[in-house]
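In the working numbering, the protein residues as written are 51 to 596.
Ideal placement from N, C-alpha and C gives every residue a C-beta, glycine not left out.
In this text, all values refer to a predicted model and were calculated from it rather than measured experimentally.
One structure is given below, encoded as structure tokens.
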């Protein structure tokens, strides 16, 4: 059995050199982060804008199709109050100040049933029903004949073949008239404005004038004094509150509301604007990890780049995914060489949860390093039921766990030269955790050899099991975190990072994986192609969404 305490890898903690900047992502939306989030949501915003414009245009067309033109006419009444004052042997008629209560009483009287009854009697019940406007819904129901069906059902339920009684019809007409008229005081003056709506301009003017005339007549009848003396009635009829029409209604020249010619182009614009507002709100308050700026603000380390989501492998040719992947892996290698001169370099690759692509990134990085002539060992340090980075391994094949437990010799477990300069150590069967055995790994992989490997890439478990990643910190120099675009939230990744303890100070950087191609900016792709290394084809494509 190997001694787990005698051969632990010496590691110098560099956490004191890494001061954390202000957590701008938690403190609020910085300008750069806001722009990055909008840029990352650009395809969704464009789709939402298109949906908003389409819905707005359809709503405008529907409004123009079912809109019922309604016309309004206005008449004005002057309210005054006179009294009789005695001046010696003569009596003088003078006007007195009209109180607000008198104006309000006149307004309520205009809305009263007695005034409206006079209008209905003057115009006629059926004619009044005909000229009053109907809603667009009622007009549509009338067009499809639903009103007739409804009336028939009501007649059968009531057992009566007669239509609705005149009294009920009259009450409905009065209610409609009351809802379609507006009575208000003009500023602080003694003038009352009366406005009524109808289906046509002439009918609107007629209905408004009838309302004003009926109010004047009703007020005169209310103020009338019964007397047998004709001269006395003539002298006192001008006393008290009086109303007279000072402006008759005329047929309006246009219907109420904006014209259809304005609605049709305006509706798509309003729909698109509302869609943009909703989309920007969703984008700015979306806490899922979608941008490099967001990862930098959260982890305080460099983001090496973004890798596109690949559905079909691009074998044996330098495609877009291979170009971007090569650029990201070059930057990650440079970062390791800048921070550590010790050989071999122990680098762990992990992610927040399974399925984010860490296994593929670890395998691609190992093959990339081996392709440049370095001796590399790829270690499947995850659970025994996870798929290895390069090819499936039978469950009975001995691997890392058996080697660290001393059950199998390293040479029997390491699969040599699966690719030029690349060896592979599978996971094996996990019977216990590796907390006390990680210190033997550096000795095991170099047992009997003279610096056999320059790079050791460990495919670690996800950060969801942060204890396993933290225990691996006994030997790793650097930790690379793979984050799937739009998968984990800022709070989830922050909680996982806080559980790493001192290992958090060894985070080398992050990689934003599985980014939709529509999100990647064209200028980023051009810069990546120019920055890429040798033009030969490397098999760096993603063989699946692991």
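Given residue i as reference, the closest of the options once Cα atoms are compared
i	options	result
residue 330	112, 94, 567	94
residue 327	553, 505, 263, 103	103
residue 238	167, 172, 151	151
residue 508	570, 502, 529	529
residue 557	399, 216, 155, 299	399
residue 526	539, 510, 536	510
residue 113	215, 128, 308	308
residue 173	128, 157, 153, 224	224
residue 377	390, 396, 356, 394	356
residue 218	233, 231, 179	179
residue 424	452, 346, 469	469
residue 246	311, 310, 229, 235	229
residue 419	386, 448, 262, 402	386
residue 545	458, 478, 149, 403	403
residue 476	491, 432, 101	432
residue 220	177, 265, 82	177
residue 521	216, 552, 537	552
residue 18	536, 532, 542, 394	Given that the chain is displayed from residue 51 to residue 596, the structure contains no residue 18 and the question cannot be resolved.
C-alpha distance - residue i paired with residue j, whole-angstrom precision
i	j	result
residue 293	residue 126	10 angstroms
residue 596	residue 410	The predicted position of residue 596 is uncertain, since its pLDDT is 38 and thus under 50; no value can be drawn from it.
residue 427	residue 417	10 angstroms
residue 568	residue 562	15 angstroms
residue 464	residue 340	38 angstroms
residue 614	residue 415	Here the chain covers residues 51 to 596 and nothing more, so residue 614 does not appear.
residue 408	residue 322	39 angstroms
residue 259	residue 298	6 angstroms
residue 626	residue 270	The requested residue 626 is not part of the displayed model; the chain covers only 51 to 596.
residue 302	residue 124	9 angstroms
residue 359	residue 566	6 angstroms
residue 349	residue 106	42 angstroms
residue 168	residue 319	47 angstroms
residue 564	residue 429	23 angstroms
residue 86	residue 539	16 angstroms
residue 262	residue 183	19 angstroms
residue 122	residue 338	53 angstroms
residue 118	residue 88	42 angstroms
residue 379	residue 447	30 angstroms
residue 232	residue 161	9 angstroms
residue 2	residue 519	The structure shown does not extend to residue 2, since the chain spans only 51 to 596, so no value can be given for it.
residue 405	residue 313	49 angstroms
residue 458	residue 91	51 angstroms
residue 306	residue 248	10 angstroms
residue 345	residue 461	40 angstroms
residue 235	residue 157	8 angstroms
residue 300	residue 120	15 angstroms
residue 325	residue 412	41 angstroms
residue 505	residue 536	31 angstroms
residue 473	residue 421	12 angstroms
Residues sharing a beta bridge with residue i, DSSP
i	result
residue 123	246
residue 465	474
residue 354	DSSP output for residue 354 lists no bridge partner at all.
residue 395	505
residue 294	128
residue 560	353, 531
residue 241	128
residue 232	245
residue 565	358
residue 539	338
residue 401	532
For residue i, the first and last residue of its enclosing alpha helix (DSSP H)
i	result
residue 169	163-173
residue 94	92-116
residue 307	Here residue 307 belongs to no alpha helix (DSSP H), and DSSP marks it neither H nor E.
residue 453	450-454
residue 459	Counting along the chain, residue 459 falls outside any alpha helix (DSSP H), and DSSP gives it neither H nor E.
residue 184	Looking at the DSSP string, residue 184 is not in any alpha helix (DSSP H), and its letter there is neither H nor E.
residue 158	150-160
residue 414	408-421
Beta strand (DSSP E) segment containing residue i, residue limits
i	result
residue 523	That residue, residue 523, is in no beta strand (DSSP E); it is neither H nor E in DSSP.
residue 216	Counting along the chain, residue 216 falls outside any beta strand (DSSP E), though it belongs to the alpha helix (DSSP H) covering 216-229.
residue 426	426-430
Contact test: residue i Cβ vs the ligand ADP heavy atom, cutoff 7 angstroms
i	result
residue 375	Of ligands this structure carries none, so the ligand ADP is not represented either.
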